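S.K.: When we follow full-length UniProt numbering, the leftmost residue of the sequence shown carries the number 1, and every step to the right adds one.
The beta-carbon is built from N, C-alpha and C at its ideal position, and this holds for glycine as well.
For clarity, every value in this text was computed on a predicted model and none was experimentally measured.
Sharing a structure below in structure tokens format, with a few things to ask.
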Amino acid sequence: MTFALHLSNVNETTPTLHLPPISDYGPRMTPVAHIVALPVRAYRLIFSPWVGFNCRYQPTCSAYAMEALEKHGAIKGSLLAARRIGRCHPLGSSGYDPVPGATSETDAPSAKCCGNVSKD
Numbered sequence: 001m002t003f004a005l006h007l008s009n010v011n012e013t014t015p016t017l018h019l020p021p022i023s024d025y026g027p028r029m030t031p032v033a034h035i036v037a038l039p040v041r042a043y044r045l046i047f048s049p050w051v052g053f054n055c056r057y058q059p060t061c062s063a064y065a066m067e068a069l070e071k072h073g074a075i076k077g078s079l080l081a082a083r084r085i086g087r088c089h090p091l092g093s094s095g096y097d098p099v100p101g102a103t104s105e106t107d108a109p110s111a112k113c114c115g116n117v118s119k120d
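Okay, structure coming up:
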């Protein structure tokens with residue numbers, strides 16, 4: 001997504017910011033999901049800087065929760081976030097763990113690097 005900042009007229013000194021339409025911003029949260037996201041936002045604002053970057057997964061649990069709330073709504077997004085936080089413990093796994101239902105190419109690792117290689 002790109003934003004353009006340019007002057008409409010050479011003599012004009014006030015720059016104009018041209019933004020893409022709202023529909024180009026991707027999925028939007030429902031009003032209930034916004035309310036459910038408040039504790040996640042508070043954690044990211046208040047506690048996350050003190051705790052540091054110690055997350056076992058990519059994306060971080062708070063980023064995962066926000067994306068799950070955007071993609072799946074308040075109920076299913078909350079359940080996915082709670083399940084993810086439950087998996088985050090010393091004996092759990094780590095690595096790339098996207099939100100289920102990811103369909104864009106940037107959400108999935110590239111299949112070119114290690115996909116379907118036959119062992120002959």
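(1) Quick check on this structure: which residue in F47, Y64, A42 has the alpha carbon closest to the alpha carbon of R56?
(2) Is A68 closer than 8 Å to V36 when the C-beta atoms are compared?
(3) According to DSSP, is G101 part of a helix, a strand, or is it coil?
(4) Can you give me the C-alpha to C-alpha distance between K71 and A42, rounded to a whole angstrom?
(5) Excluding five sequence neighbours on each side, which residues of the same chain lie with their C-beta closer than 8 Å to the C-beta of G77?
(6) How is the alpha helix (DSSP H) around T87 delimited, first residue to last?
(7) Find out if the Cβ-Cβ distance for the pair V99, L80 is shorter than 8 Å.
(8) Check this for me: beta carbons of Q58 and G95, under 8 Å apart or not?
(9) Do you know how far the Cα of F47 is from the Cα of R28?
(10) Alpha helix (DSSP H) containing S48: first to last residue?
M.R.: In short:
(1) Y64
(2) no
(3) coil
(4) 20 Å
(5) A33, V36, A65, A68, L69, E70, K71
(6) Inspection of the sequence shows that residue 87 is occupied by Arg rather than by Thr. Residue range 61-87 is occupied by the alpha helix (DSSP H) that includes R87.
(7) yes
(8) Taking 8 Å as the Cβ cut-off, Q58 and G95 qualify as a contacting pair.
(9) 25 Å
(10) 48-51
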